[in-house]
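Take the position in the sequence shown, starting the count at 1, then add 72; the result is the number in the working numbering. Working notes, structure below.
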Amino acid sequence: MNDQLKVELQSAYAYLGMAAYCETISLGGFATWLRRQAEEEYDHAMRFYNFVNDRQGEVELSALEAPATKYKSPLAVFEKAFEQEQSVTAAIDKLYELVNDEKDFASQAWLDWFVTEQVEEEKTVALIVDKLKMIGDRGEALFILDKELGSRSETES
Ligand SMILES: [Fe+2]
Ligand SMILES: [Fe+2]
């Protein structure tokens with residue numbers, strides 16, 4: 073659980089790095105979306121933090137790696153994000169398998185939310201990858217997508 077807490081924090085940090093890159097190329101809408109995503113990953117981390125405490129465990133916090141803040145293009149950002157979500161899914165699946173082997177049914181039931189959430193996460197990011205491929209180097213289309221992503225609200229996941 074502590075390992076997954078770190079995975080979620082590392083993921084938040086990576087999204088923040090992606091947001092920082094998008095700021096440098098004046099894609100403020102992309103940056104807003106990625107910052108929201110970073111906040112969401114932080115919320116995921118805090119779910120683990122709370123769960124460890126709720127189960128009378130001890131939270132352990134370890135060092136994070138510095139995230140990339142330089143990318144080749146917005147497409148490269150979202151391809152990386154997709155790869156990252158796939159590896160988070162693999163980590164959740166591994167944890168799920170472990171609690172199942174341990175017959176820790178409370179943790180298993182609690183992890184169900186994450187199993188479902190990862191389907192949504194991969195789907196959302198894959199959709200943006202597809203849109204960016206469709207756009208290619210058409211600036212007007214990128215401008216429209218930037219506006220669309222920038223409208224992501226606080227409550228939207
Ligand atoms: Fe997450
Ligand atoms: Fe995620």
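Even glycine gets a Cβ: it sits at the ideal position worked out from N, Cα and C.
{"query": "Along the chain, where does the alpha helix (DSSP H) containing Met73 start, and where does it finish?", "result": "Element bounds for Met73: n/a, residue is neither H nor E."}
{"query": "I need the DSSP call for Ala174, collapsed to helix, strand or coil.", "result": "The residue asked about is misnamed: residue 174 is Glu in this sequence, not Ala. Looking at Glu174 - three-state DSSP - the assignment turns out to be coil, as it is neither helix nor strand."}
{"query": "Considering only heavy atoms of ligand 1 and the C-beta of each residue, which residues fall inside 6 Å, strictly closer?", "result": "Glu80, Ser83, Glu113, His116, Val160"}
{"query": "With the cut-off set at 8 Å, would you say Thr104 and Gly211 are in Cβ contact?", "result": "no"}
{"query": "Helix, strand or coil: which one does DSSP assign to Glu132?", "result": "coil"}
{"query": "Go through the stretch 80 to 149 residue by residue and report every complete run of the alpha helix (DSSP H) that reaches 4 residues or more, in order.", "result": "100 to 126"}
{"query": "Note down, in chain order, each residue of its chain lying with its Cβ closer than 7 Å to the Cβ of Ile207, except the 5 sequence neighbours on either side.", "result": "Ala213, Leu214, Leu217"}
{"query": "Does DSSP classify Gly208 as helix, strand or coil?", "result": "coil"}
{"query": "When DSSP labels each residue in this structure, what does Ser52 get in the three-state scheme?", "result": "The question about residue 52 has no answer, for the chain in this structure spans 73 to 229."}
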